[in-house]
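Trainee:
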Amino acid sequence: MSDENFVTLLDDLLSKDYCSMGDAIQPGVAVLVAIDDQIVYQRYIGFANILEFEAITCNTNFRLASLSKQFIAYGIIVLESQGKLNRQDTLKSYFSLEFIQRCPKISNTVRIQHLLDHSSGVMDYENNESLLEGRQWLDDDVLVTLKDETYFQPGSQFRYSNTGYILLGLIIEVVSEQALGDFLRQFIFEPFGMKTSIVFDLDHLQIVNRAFGYAEREDNKHYCLYDQSPTSATRGDGGIYMSINDYFQWYRHCQTMMSTVFSIQNELSSSAKYYSLGWFLSNENGHTRIHSGHSCGFTHQVFRIDEEQRRVLVIYLSNINANDERLANFNRLIVDKIPQLRPKDLDLLHCLKELTR
Numbered sequence: 001m002s003d004e005n006f007v008t009l010l011d012d013l014l015s016k017d018y019c020s021m022g023d024a025i026q027p028g029v030a031v032l033v034a035i036d037d038q039i040v041y042q043r044y045i046g047f048a049n050i051l052e053f054e055a056i057t058c059n060t061n062f063r064l065a066s067l068s069k070q071f072i073a074y075g076i077i078v079l080e081s082q083g084k085l086n087r088q089d090t091l092k093s094y095f096s097l098e099f100i101q102r103c104p105k106i107s108n109t110v111r112i113q114h115l116l117d118h119s120s121g122v123m124d125y126e127n128n129e130s131l132l133e134g135r136q137w138l139d140d141d142v143l144v145t146l147k148d149e150t151y152f153q154p155g156s157q158f159r160y161s162n163t164g165y166i167l168l169g170l171i172i173e174v175v176s177e178q179a180l181g182d183f184l185r186q187f188i189f190e191p192f193g194m195k196t197s198i199v200f201d202l203d204h205l206q207i208v209n210r211a212f213g214y215a216e217r218e219d220n221k222h223y224c225l226y227d228q229s230p231t232s233a234t235r236g237d238g239g240i241y242m243s244i245n246d247y248f249q250w251y252r253h254c255q256t257m258m259s260t261v262f263s264i265q266n267e268l269s270s271s272a273k274y275y276s277l278g279w280f281l282s283n284e285n286g287h288t289r290i291h292s293g294h295s296c297g298f299t300h301q302v303f304r305i306d307e308e309q310r311r312v313l314v315i316y317l318s319n320i321n322a323n324d325e326r327l328a329n330f331n332r333l334i335v336d337k338i339p340q341l342r343p344k345d346l347d348l349l350h351c352l353k354e355l356t357r
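Below is the structure:
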């Protein structure tokens, strides 16, 4: 199928799924397709802020949710390239004596590598009963309440872990002696020309061009604000706000370094055949990478295909909570029309919907 026909089908699908929604003032979606670093399609439907009538544009900053993990992983690689850490280090090298004494098992057995590829087995903080206290949790709350238990021997299995990426974000802060947002701005956002990307911070809530999350009301025609949950203030697992334009800049600039690092990662870890540096891998050579992002008020999907003869990037960012049916329609079209993807990738995408919530 030609690129022109693919773009036409995609445009028709978005019109059907979004432009036929009942309320004229509604949240929506931002979509971008790039082939060999050239944008071949982009479309923006709906409003980032319904109350202020602010439309979604290429510069609208969405809460990335789990798409944030690739930036945390890149931050770890930056520090390793500077000689400041090693992915084979255990947690005891980076956390306080109090933590090591309270959690000797995970301090001595969990490595940075395990956190990166979700093979650490550390406990899910979302299951902590303290989350019901009615306040938003911070990354430090996750650290101080972490139990000295694992679901399995670190490195032996794969289990998706938001806790693991929160720990990685904290390690970045310890090693760099900077706040996570300052570090990412210095070493990723500013060098790559990502002008408005920012890490969410409860103390500094001002985010330019911010998309707010919304949920459908029971009539399925109108929307209410649905933007924050008890876990929306943690940073390492999903706290970055970014526009589709900034994400494209990230994609363009990080390819060379990340391709090298992916190959090294695969040698270091058996789990890297499933997940590597913030990406699920849908084929053994690691050329096809997929990730979803699901958070309170947001539903996202990214496909990235890096082959010598053709590179493809597809980004889908929506500020509609649990926007599963429309996302499923989008995924079916992408998998059907991009030859590097296969029907079994739909099964992977279904699993990602549950894993990355």
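With the UniProt record's numbering applied, the sequence shown covers 1 to 357. Where is the CB? At the ideal position from N, CA and C, for every residue including glycine. As the structure is a computational prediction, the values presented were derived from the model and not from experiment.
Just list the residues that DSSP pairs Ala34 with in beta bridges.
Mentor: Ile39, Leu313
Trainee: In the structure shown, what three-state DSSP assignment does Cys224 receive?
Mentor: strand
Trainee: Quick check on this structure: which residue in Arg289, Gln228, Gln249 has the alpha carbon closest to the alpha carbon of Asn319?
Mentor: Gln228
Trainee: I need the straight-line Cα distance from Val29 to Asn162, nearest angstrom please.
Mentor: Linking Val29 to Asn162 through their CA atoms gives a straight-line distance of about 25 Å.
Trainee: Report the residue from Ile112, Gln206, Tyr251, Gly155 whose alpha carbon sits nearest the alpha carbon of Tyr94.
Mentor: Ile112
Trainee: Keeping to the same chain, check which residues put their C-beta closer than 8 Å to that of Phe47; ignore five residues upstream and five downstream.
Mentor: Ile25, Gln26, Pro27, Gly28, Phe53, Glu54, Ala55, Ile56
Trainee: In terms of residue numbering, what span does the beta strand (DSSP E) encompassing Glu216 cover?
Mentor: 214-216
Trainee: Please list the terminal residues of the continuous beta strand (DSSP E) segment that includes Ile290.
Mentor: 288-295
Trainee: To the nearest whole angstrom, what separates the beta carbons of Val175 and Leu79, a pair I think is in contact under 8 Å?
Mentor: 5 Å
Trainee: Using a Cβ-Cβ cutoff of less than 6 Å, which residues in the same chain neighbour Gln249 once the five nearest sequence positions on both sides are dropped?
Mentor: Phe192, Gly193, Met194
Trainee: Could you have a look at Val122 and say whether DSSP puts it in helix, strand or coil?
Mentor: strand
Trainee: Comparing alpha-carbon positions, which option in Ser276, Gly293, Ile188, Thr288 lies nearest Cys254?
Mentor: Ile188
Trainee: Alpha helix (DSSP H) containing Arg332: first to last residue?
Mentor: 324-337
Trainee: Could you tell me whether the Cβ atoms of Arg289 and Arg304 are closer together than 7 Å?
Mentor: yes
Trainee: Would you grab the beta carbon distance between Ser120 and His291 for me? Rounded to a whole angstrom, and I think it's under 8 Å.
Mentor: Not really, about 18 Å apart at Cβ, beyond 8 Å.
Trainee: What is the DSSP secondary structure of Ala55, counted as helix, strand or coil?
Mentor: strand
Trainee: Quick one, which of Lys337, Glu325, Phe212, Ile338 has its alpha-carbon nearest Asp17's?
Mentor: Glu325
Trainee: Identify, in the order they occur along the chain, each residue of the same chain with its Cβ nearer than 8 Å to the Cβ of Trp279, setting aside the five sequence neighbours on each side.
Mentor: Gln70, Arg289, Ile290, His291, Arg304
Trainee: On a CA-only basis, which of Phe99, Asn321, Ile50 is nearest Ala215? Give me that one, please.
Mentor: Asn321
Trainee: Give every residue of the same chain whose Cβ lies closer than 6 Å to the Cβ of Asp37, excluding the five residues on either side of it in the sequence, and list them in chain order.
Mentor: Arg252
Trainee: With C-beta atoms as the reference, is Leu32 less than 7 Å away from Ile244?
Mentor: Closer than 7 Å, so yes.
Trainee: With 16 other CB atoms within 10 Å as the buried threshold, where does Leu97 fall?
Mentor: exposed
Trainee: Where does Arg185 sit, in a helix, a strand or coil, going by DSSP?
Mentor: helix
Trainee: Using beta-carbon positions only, say whether Asp148 and Cys103 come within less than 7 Å of one another.
Mentor: yes
Trainee: Apart from the five residues just before and just after Cys19, which ones in its own chain have a Cβ nearer than 7 Å to its Cβ?
Mentor: Ile45
Trainee: So if DSSP puts Trp279 in a beta bridge, which residue, or which two residues, is it bridged to?
Mentor: Ser276
Trainee: Suppose the cutoff is 7 Å on Cβ atoms and the five residues either side in sequence are ignored; what does the same chain contact list for Leu225 look like?
Mentor: Phe212, Tyr214
Trainee: Just list the residues that DSSP pairs Asp17 with in beta bridges.
Mentor: Asp17 is not bridged by DSSP to any residue.
Trainee: Once the 5 residues before and after Phe6 are set aside, which same chain residues still bring their CB inside 7 Å of it?
Mentor: Lys337
Trainee: Since Tyr241 sits in a beta bridge, which residues does DSSP pair it with?
Mentor: Arg63, Ile198
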